[in-house]
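Enquirer: When the sequence shown is numbered by full-length UniProt numbering, its final residue is 157 and no position is left out of the sequence of numbers. We put the CB at the ideal spot given by N, CA and C, even for glycine.
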Amino acid sequence: MHDTTRFLNEAIELARANIGDGGRPFGAVVVRNGEVVATGVNEIHATHDPTAHAEMTAIRAASRKLGSPDLSGCAVYASGHPCPMCLAAMRLSGVTRVAYAYSNDDGAPFGLSSAAIYEDLAKPFADQSMAISYVPVRPEGRADLYEQWAKNRGGRR
Numbered sequence: 001m002h003d004t005t006r007f008l009n010e011a012i013e014l015a016r017a018n019i020g021d022g023g024r025p026f027g028a029v030v031v032r033n034g035e036v037v038a039t040g041v042n043e044i045h046a047t048h049d050p051t052a053h054a055e056m057t058a059i060r061a062a063s064r065k066l067g068s069p070d071l072s073g074c075a076v077y078a079s080g081h082p083c084p085m086c087l088a089a090m091r092l093s094g095v096t097r098v099a100y101a102y103s104n105d106d107g108a109p110f111g112l113s114s115a116a117i118y119e120d121l122a123k124p125f126a127d128q129s130m131a132i133s134y135v136p137v138r139p140e141g142r143a144d145l146y147e148q149w150a151k152n153r154g155g156r157r
């Protein structure tokens with residue numbers, strides 16, 4: 001069996017088991033060099049954390065296991081179409097490849113699509129459903145926040 005199919009099947013089985021535990025039908029597998037680094041399932045039902053998507057829990061577990069937030073060279077295999085939050089987290093962590101088994105179209109009849117969020121995020125800030133504003137507050141008499149961070153890191157970025 002092709003690796004992509006094998007790892008997607010693993011993500012689907014994690015999702016099936018999560019349904020049995022009262023969760024949503026989402027599972028994810030993080031792989032590096034053909035080896036599973038970590039897995040995750042949607043834990044929103046158990047944690048009440050809206051960010052506890054399968055991909056997020058798998059990324060968190062992989063980062064802990066590898067001792068680094070850098071997941072360069074890793075691939076994520078997800079049972080469902082990753083939402084914008086999950087894709088952003090994958091990009092921020094350096095994940096280089098993503099594959100998913102069920103599309104937003106597959107999930108839409110069941111209320112399991114993030115297509116509307118993608119559509120809203122594609123709009124300029126002023127046109128999105130959430131109010132977003134840049135308010136450049138700089139407390140008087142205090143060092144610039146980013147300059148302080150750079151100084152504390154010895155100028156490293």
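#1: Considering only residues of the same chain and omitting the five flanking positions on each side of A115, which have a CB-CB separation below 6 angstroms?
#2: Quick one: give me the first and last residue of the alpha helix (DSSP H) that R64 is part of.
#3: Taking only runs of the beta strand (DSSP E) that begin and end inside the region 19–57, which ones reach a length of at least 3 residues, in chain order?
#4: Considering only their Cβ atoms, is the gap separating T57 from E43 smaller than 8 angstroms?
#5: Considering only their Cβ atoms, is the gap separating L8 from Y77 smaller than 8 angstroms?
#6: Look at the Cβ atom of D120, then the Cβ atom of S129, and state whether they are nearer than 8 angstroms.
#7: Tell me the residue span of the beta strand (DSSP E) that contains C74.
#8: With distances taken Cα to Cα, identify the nearest neighbour of A11 among D21, F110, R32, T39.
Expert: In short, the structure shows the following:
#1: The residue you call residue 115 lines up with position 115 of the sequence shown. Excluding residues up to 5 positions away in sequence, N104 lie with their Cβ nearer than 6 angstroms to the Cβ of A115 in the same chain.
#2: Reading the sequence shown from its first residue, position 64 is the one you call residue 64. Looking at the DSSP string, the run of the alpha helix (DSSP H) that includes R64 is 54–66.
#3: Whole beta strand (DSSP E) segments, 3+ residues: 27–32, 35–41.
#4: The count along the sequence shown starts at 1 and reaches residue 43 at position 43. The count along the sequence shown starts at 1 and reaches residue 57 at position 57. Taking 8 angstroms as the Cβ cut-off, E43 and T57 qualify as a contacting pair.
#5: On the sequence shown, residue 77 is found 77 positions in, with the first residue counted as 1. On the sequence shown, residue 8 is found 8 positions in, with the first residue counted as 1. Yes. Within cutoff.
#6: If you number the sequence shown from 1, residue 120 lands on position 120. If you number the sequence shown from 1, residue 129 lands on position 129. Yes. Within cutoff.
#7: Reading the sequence shown from its first residue, position 74 is the one you call residue 74. It spans 74–80 - the beta strand (DSSP E) in which C74 sits, taken as one unbroken run.
#8: Here the question's residue 11 lines up with position 11 in the sequence shown. The option with the nearest alpha carbon to A11 is T39.
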